[in-house]
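Here the numbering used here is used: the first residue of the sequence shown is 88, the next is one more, and so on. Note that CB positions come from ideal geometry on N, CA and C, so glycine has one too. Nothing here was measured: the structure is a model prediction, and the numbers come from that model. Take a look at the structure set out below.
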Amino acid sequence: MKIAIGSDHVGFELKPVIIDYLKELGHEVKDFGTFSNERTDYPIYGQKVAEKVASKEFDLGIVICGTGVGISLAANKVPGIRAVVCSEPYTAKLSREHNNTNILAFGSRVVGPDLAKMIVKEWLSASFFGGRHARRVDELKAIEDQNTDEFEEIRKSTSDKYIDKG
Ligand code: RB5
């Protein structure tokens with residue numbers, strides 16, 4: 088997969104560890120900064136990575152700041168993005184299966200390199216279940232679009248898309 092990665096200055100030291108790990112797993116990775124530990128603002132990198140994922144130039148994104156919170160909030164402001172902040176692998180896995188997250192965030196002040204790698208691995212190994220979960224993700228999109236009619240239509244829809252296959 089093509090993965091976009093970014094961090095602020097607090098996530099800067101953990102980022103190369105994750106880049107190397109992603110490459111080891113066979114993924115293509117591009118770093119969208121920051122490129123030094125000079126103090127900067129997490130919204131810059133959250134937005135950059137999110138735009139690359141929203142435009143489909145990259146399949147998925149990974150963002151790192153001190154807690155993962157600020158940079159995930161920034162990413163989630165970009166339409167089409169579902170970013171999750173995780174400090175353990177279980178949430179990472181379910182966030183893909185149930186919520187079809189396309190950006191993973193974590194905090195370098197919260198998780199160490201080994202735990203971060205476990206989170207990344209679980210997140211990348213999981214895939215979206217669809218079915219009833221697709222209805223909920225489509226409802227999220229309707230909220231994002233501020234389209235209450237669309238929300239109601241999805242809620243009432245009997246489309247096959249929303250029937251569990253497994
Ligand atoms: C920067 O000090 C810190 O606020 C940032 O890395 C992040 O943790 C914010 O959510």
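Could you pull out every residue in the same chain whose Cβ sits closer than 6 Å to the Cβ of residue i, ignoring the five residues on either side in sequence?
i: G153; result: V97, G194, R196
i: K204; result: Y108
i: V198; result: S174
i: E209; result: P176, A179, K180
i: K164; result: none
i: K248; result: A221
i: R255; result: Since the first and last residues shown for the chain are 88 and 253, residue 255 lies out of range.
Let me check one thing: in DSSP terms, what residues is residue i bridge-paired to?
i: V116; result: I90
i: A137; result: A137 pairs with nothing; no bridge assigned.
i: L227; result: L227 is not bridged to any residue.
i: I151; result: S94, F193
Would you give the residue range spanned by the alpha helix (DSSP H) that residue i belongs to?
i: I206; result: 200-212
i: I106; result: 102-111
i: I168; result: Taken as a continuous stretch (DSSP letters only), I168 belongs to no alpha helix (DSSP H), as it is neither H nor E.
i: Y177; result: 176-184
i: D128; result: Here D128 belongs to no alpha helix (DSSP H), and DSSP marks it neither H nor E.
i: D236; result: 235-243
Only counting the same chain, and skipping five residues up and downstream in sequence, which positions put a Cβ closer than 8 Å to that of residue i?
i: D128; result: D95
i: I206; result: C173, S174, E175, P176, A179, L191, F193, V198
For the beta strand (DSSP E) holding residue i, just list the boundary residues, first then last.
i: G157; result: Unbroken run through G157 is the alpha helix (DSSP H), 156-163; no beta strand (DSSP E).
i: F193; result: 190-194
On the CB-based measure, 16 or more other CB atoms within 10 Å of its CB, does residue i come out buried or exposed?
i: Q134; result: buried
i: N189; result: buried
i: G157; result: buried
i: K139; result: buried
Within a Cβ cutoff of 7 Å, which residues of the same chain sit near residue i, ignoring the five residues on either side of it in sequence?
i: D146; result: M88, K89, I90
i: I106; result: I92, V116, D118
i: I168; result: A137, V140, A141, A162, N189, I190
i: N187; result: R169, F215, V224
Looking at residue i and ligand 2, is the gap between the Cβ and the nearest heavy atom below 7 Å?
i: T121; result: Because ligand 2 does not appear in the structure shown, any question about it cannot be addressed here, the ligands present being ligand 1.
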